[in-house]
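See below for the structure under consideration.
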Amino acid sequence: MINKSSTSIHEVLSQIQDGSTIMIGGFGTAGQPAELIDGLIKLGRKDLTIVSNNAGNGDYGLAKLLKAGAV
0 MINKSSTSIH EVLSQIQDGS TIMIGGFGTA GQPAELIDGL IKLGRKDLTI VSNNAGNGDY
60 GLAKLLKAGA V
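Number 42 in numbering that gives the first Met the number 0 belongs to position 43 of the sequence shown; there are no gaps in the numbering.
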């Protein structure tokens, strides 16, 4: 099995391209990876498929990706 864990947000972001599928956990907006979400927006990623049980709200969590047109 390939080890896909990483400790660097920059390493993770460099591996996510347009059209990628990303599974994001959390309970409501608690525990959602804000640095990852902000990084994807900053890099201008688009056509992402997100697997999650919550879309966030307002300007937080996955709602930010939706507003940015990344999904």
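Glycine included, C-beta positions come from ideal geometry on N, C-alpha and C.
Since we're looking at a predicted model, the values are computed, not measured.
Taking the Cβ atoms as the reference, S19 lies roughly 6 Å from L47, within the contact range of under 8 Å.
Residue environment: A29 is assigned as exposed (fewer than 16 neighbouring CB atoms within 10 Å of its CB, all protein chains considered).
If only complete runs of 4 or more residues are kept, the segment 5-58 shows the alpha helix (DSSP H) at 8-14, 33-42, in order along the chain. Distances from the CA of E34 to each of G60, K45, S4 were compared; the closest alpha carbon is that of G60. Around the beta carbon of I8, fewer than 16 other beta carbons lie within 10 angstroms, which makes this residue exposed.
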